[in-house]
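Worksheet for the structure shown next.
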Amino acid sequence: MTELASQSKELITLVRSTTINHARSVDDLLERPQKVVAEHVDFFYGEHQALHDVSLSIPANCVTALIGPSGCGKSTFLRCINRMNDMIEGARLEGEILLDEIDIYRARTDVVELRKRVGMVFQKSNPFPKSIYDNVAYGPKVAGVRKRSELDEIVEKCLRRAALWEEVSGRLNESALQLSGGQQQRLCIARALATDPDVLLMDEPASALDPKSTARIEDLIFELKDSYTIVIVTHNMQQAARVSDQTAFFYEGRLVEIGATTDMFTKPRQRKTEDYITGRFG
Amino acid sequence: MSLASRGRPYAKAASAAFAYVCALCAFASVAILVVLLWQMCRFAWGWLDWQFLTSFDSLLSPQKAGVKAALVGSLYLISLTALFSVPVGVGAAVYLEEYAQRSRWRGFVQTNIANLAGVPSIVYGILGLGLFVRGMKLGAGVLAGALTLSLVVLPIVILASQEALRAVPASIRQASFALGATKWQTIWHQLLPAAMPGIMTGVILAISRALGEAAPLVAIGAAGFVMFLPAGVNDRFTALPLQIYNWTENADEQYQFHVAAAGIIVLLAMLICLNAAAVYLRYRFGRRIRW
Ligand SMILES: Nc1ncnc2c1ncn2[C@@H]1O[C@H](COP(=O)(O)OP(=O)(O)O)[C@@H](O)[C@H]1O
Ligand SMILES: [Mg+2]
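So the protein sequences, as listed, match chains A and B. Per the numbering used here, residue 1 is the first one in the first sequence, and the count goes up by one each step. Per the numbering used here, residue 1 is the first one in the second sequence, and the count goes up by one each step.
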C-alpha cells in the first residue's frame, strides 16, 4: 500500500468514527431550507481578485466548514456574508449573496441590521477591554435594549449557551481580559449570540487555543447548530471532519468542491480535494 | 600584530570615552537643572509663605506683594483653555482618524496640524489680538486669553488624540462593527474610552504648556499688574508667567530676585502636579488595559 493510500485510509477511519453520530445526512442537507446562497461571487481587493465565481449554498441549522490552503480566500468569503469587507478601502463584490432569499448586497440593505443577524467570531479572541458583563451586553445595548433586568437575562442566557456561565457567574464585573485564551474565545461566542443572530460565522475560532480549549469549542459548535446556522473556517482537517455537516474546499480563490462532509472526506470527486485532505499540500 | 588586534584597544578606548561623554551630557543637564532649582529655592526662602499666596501684588512693598491674582487668573485661564481645546481637539482627531477619507485634502490638513504645533506661540498671540481682542471685541480679558491659548495647544491635543485613537487595535473596531454597532456607537462606546488615557495625557501636557506661556498673553495685551480677581470672562486678568515677568522687570532687586523666585516656585509646583497626574494616568490605565 502506498503511503498516500494509507494516510487516506487513516483519515477515512477517523472521519467515520467521529462524524457518524453527529453529521447530518446528505438527504437532510438537501431537504433543509438554504439559509445563505452565494451566486457567482467575484471579490476584489482593489485590483487583486480574491474570489472567482463562487457559488454555493449553506443549509439552515448545519455546520458548514470552509477548508483550503492559506490565502485561498476562506476568510474573504466569510467576511462577505456579514459585509465586514465593506470596511476595507477599495474592496468590491460582484454577484449575489442571498440571506433568506434576499440579496444582502442590494442598495437597500441595512448593514447594521445585517450584522445583528449574522454574528461573527474572529480568529484571535478580541474581547473589549471592559467587564465580562459589558462584553456580552454590548450587542443588545447598541441595539437599544436599556432595561437592566432584560440585559441580565440575555447575559446569563448567552454565557450559558457558550458554556462559560459556570466559570464566570461569580465575577461578571471583572475585566474580560483576565480570562484565559479559551475562555475569552467562548466569551466572544457568547457576545456574538447576544444579538440573537441566525447565522454564526467563525474564522478559525480555535486556531490559537490548546487542545482542551479547542475540544470545548468544538463541543459548543455541536450544541449550537440546532439553533444557528454555522459557517466555520478551519485549516485543521480533523476539525472540519469532526464538527461539520458540509464542507467546501477552496483553492486559489475558487470553490473546488462542496458536499456533505462524510462524502468529501471518504470519496472526494476532485483530485485536488483528495490531495489536500490527505495532506499532500497545504 | 594583526589588524584586528591592533584596532581593538583603540576601539575599546573610544567606546569607553563615548560612553563617558554621554554620561557627562546627561549629568550636566541634570546638574544645571538642580543648580537652577537650588538657586530659586534659596531666593524664595522666607518669601514664599501664606501671605504671598493670598495677597495681591503690591507696588510699594515687596514684603506685601503676593501672587493671588496671578494664581487665580492662571487657574481660570487653563480651565477655560481645556474647556475649549479638548472638545474641539478630540472632535478634530475623531474626524481625521475615523471619518476623513484618505485624500489629498486630508493629507494637507494633517501636515498643517503638525506644522502648527511648531509655530512660535507669539504668532498665535498676534492672531489672538487681531481675532479675539479687536475682531470680536472681547478685550484683553480671560476669555480672549483662553481662546488664544486654545489655539496654541490645539495642535498638541489633536495630535495626541489621533495617536491614542490609532493605538486602539483594529480588532476592537471589527468586534464592535460585527455586533451591529454603528460607526458613531463604535467611536463613543469603544474607541474613545480605550483611547482616553492617551487623550488625557495629551490634554494634561497641553495644559502645562498653556500654564507656562507668557508670550501670547503679552501679545494680546494682558495685564502684568492686577489688584482684583476676574469676576467675569471679559474681565482683565494676569497669569503666573506674566506676573513673574513683571516682577523681574522691577528696578527693586527684592522684586527681581526674591518675589519673582517665589512666583516661579508656585508655577513649578503647579507644573509638577500636572505632570505627576499625567504619569499617574499613564501608569494606571497602561496597566489596566492590556491588549
Ligand atoms: N484586507 C486585504 N487587503 C488586500 N488583500 C487582502 C486582504 N485580506 C486578504 N487579502 C488577500 O486575499 C487573498 C485571500 O485571503 P484570505 O481570505 O485571508 O485567505 P484565507 O483566509 O483563506 O487564508 C490573499 O491573497 C490575501 O493576500
Ligand atoms: Mg483566514
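In this text, a Cβ means the ideal position worked out from N, Cα and C, and glycines have one as well. Computed from a predicted structure; not experimentally measured.
For the segment 84-95 of chain B against the segment 114-131 of chain B, do three or more pairs of beta-carbon atoms, one drawn from each stretch, fall closer than 8 Å, so that the two count as touching? The segment 84-95 of chain B makes no contact with the segment 114-131 of chain B; the number of CB pairs closer than 8 Å stays below 3.
Distance between P193/B and T19/A (C-alpha atoms, nearest Å): The predicted position of T19/A is uncertain, since its pLDDT is 47 and thus under 50; a value taken from the coordinates is nonetheless stated next. The alpha-carbon atoms of T19/A and P193/B are separated by roughly 45 Å.
Between A261/B and the rest of its own chain, which residues show a CB-CB distance below 6 Å, the 5 nearest in sequence each way excluded? The beta carbon of A261/B is closer than 6 Å to those of M40, F43 and A44 in its chain, skipping five residues each way along the sequence.
Between S171/B and ligand 2, is the CB less than 6 Å from at least one heavy atom? Taken from the Cβ of S171/B, every heavy atom of ligand 2 lies 6 Å or farther away.
Going along the chain, which residues of its own chain have a beta-carbon closer than 8 Å to the beta-carbon of L71/B, five neighbours each way excluded? Excluding the 5 residues flanking it on each side, L71/B has same chain C-beta neighbours closer than 8 Å at L53, L240 and V266, in chain order.
Find the residues of chain B that neighbour R191/A, judging by a C-beta separation of less than 9 Å, and give them in chain order. Simply A175 and L179.
Between which two residues does the beta strand (DSSP E) holding V133/B run? Premise fails: V133/B is in no beta strand (DSSP E) and is neither H nor E.
Please return the same chain residues whose Cβ sits closer than 6 Å to the Cβ of M1/B, not counting the five positions on each side in sequence. Only weak support exists for where M1/B lies, its pLDDT of 48 falling under 50; the value from the coordinates is given anyway. Result list for M1/B: empty, nothing under 6 Å.
Neighbour list for T182/B in chain A, Cβ cutoff strictly below 8 Å: Near T182/B (Cβ distances below 8 Å), the residues of chain A are V112 and V142.
Going by C-alpha to C-alpha distance, which of W50/B, L59/B and C22/B sits closest to T248/B? Residue L59/B holds the alpha-carbon nearest to the alpha-carbon of T248/B among W50/B, L59/B and C22/B.
Who pairs with H48/A in a beta bridge, going by DSSP? In DSSP, H48/A forms a bridge with Y45/A.
Between S207/A and ligand 2, is there a pair consisting of the residue's CB and a ligand heavy atom that are separated by less than 6 Å? Of the heavy atoms belonging to ligand 2, none sits nearer than 6 Å to the Cβ of S207/A.
Contacting positions in the segment 52-70 of chain A - beta carbon closer than 9 Å to chain B: Within the segment 52-70 of chain A, no residue has a Cβ lying closer than 9 Å to any Cβ of chain B.
Taking C-beta pairs closer than 7 Å, name the residues in chain A that I300/B reaches, listed in chain order. There is no way to answer for residue 300/B, as the model of chain B reaches only from 1 to 291.
Do the segment 126-134 of chain A and the segment 202-215 of chain A meet, that is, are 3 or more Cβ pairs less than 8 Å apart? In short, these stretches do not touch, since the Cβ pair count stays below three.
Could you check if S176/B belongs to the surroundings of ligand 2, using beta carbon to heavy atom distance under 6 Å? No, Cβ of S176/B sits at least 6 Å from all heavy atoms of ligand 2.
Member of L224/A, Q123/A, I230/A and T229/A whose CA lies at the smallest distance from the CA of G182/A: The shortest C-alpha separation from G182/A is found at Q123/A.
Go through its chain and collect everything with a Cβ distance to L179/B's Cβ below 6 Å, but skip five positions before and after it. Taken in chain order, the list of residues that qualify is empty.
Look at the alpha carbon of A231/B and the alpha carbon of I154/A, and state the distance between them as a whole number of angstroms. Between A231/B and I154/A, the C-alpha separation is close to 53 Å.
Partner residues on chain B for K116/A, Cβ-Cβ distance less than 8 Å: Chain B residues near K116/A: L179 and G180.
Taking the alpha carbon of D235/B as the point to measure from, which residue in L242/B, V226/B and R8/B has its own alpha carbon closest? Nearest C-alpha to D235/B: V226/B.
So, is M270/B buried or exposed, given that buried needs 16 or more other C-beta atoms within 10 angstroms? Buried, since its Cβ has 16 or more Cβ neighbours within 10 Å.
Would Q185/B pass as an interface residue toward chain A - the criterion being a Cβ-Cβ separation below 7 Å? By this cut-off, Q185/B is an interface position.
In chain order, what residues of the same chain have a beta carbon less than 6 Å from the beta carbon of Y45/A, not counting five sequence neighbours either side? So the qualifying residues of the chain are A91.
6 Å CB neighbourhood of E94/A in its chain, flanking five on each side removed: Beyond the five residues adjoining it in sequence on each side, E94/A comes within less than 6 Å, by CB distance, of D42 in the same chain, given in chain order.
Thinking G119/A and A176/A are a contact (beta carbons under 8 Å), I'd like their distance in whole angstroms, please. Cβ-Cβ separation between G119/A and A176/A: approximately 17 Å, too far for a contact (criterion under 8 Å).
Between S121/B and ligand 2, is there a pair consisting of the residue's CB and a ligand heavy atom that are separated by less than 6 Å? The beta carbon of S121/B sits no closer than 6 Å to any heavy atom of ligand 2.
Nearer than 6 Å: is that true of the beta carbon of S75/A relative to any heavy atom of ligand 2? Yes, Cβ of S75/A sits closer than 6 Å to a heavy atom of ligand 2.
Is any heavy atom of ligand 1 found at a distance shorter than 6 Å from the C-beta of C158/A? Result no, Cβ not under 6 Å from ligand 1.
Rounded separation between E89/A and R173/B - CA only: In a straight line, the C-alpha of E89/A is about 15 Å away from that of R173/B.
Start and end of the alpha helix (DSSP H) containing F177/B? Where F177/B is concerned, the enclosing alpha helix (DSSP H) stretches over A170 to A178.
Let me check understanding here. Comparing Cα to Cα, which of I220/B, V67/B and T238/B lies closest to G263/B? Relative to the Cα of G263/B, the nearest Cα in the group I220/B, V67/B and T238/B belongs to V67/B.
Can at least three beta-carbon pairs, one atom from the segment 184-201 of chain A and one from the segment 156-173 of chain A, be found at a separation below 8 Å? Segments in contact, yes.
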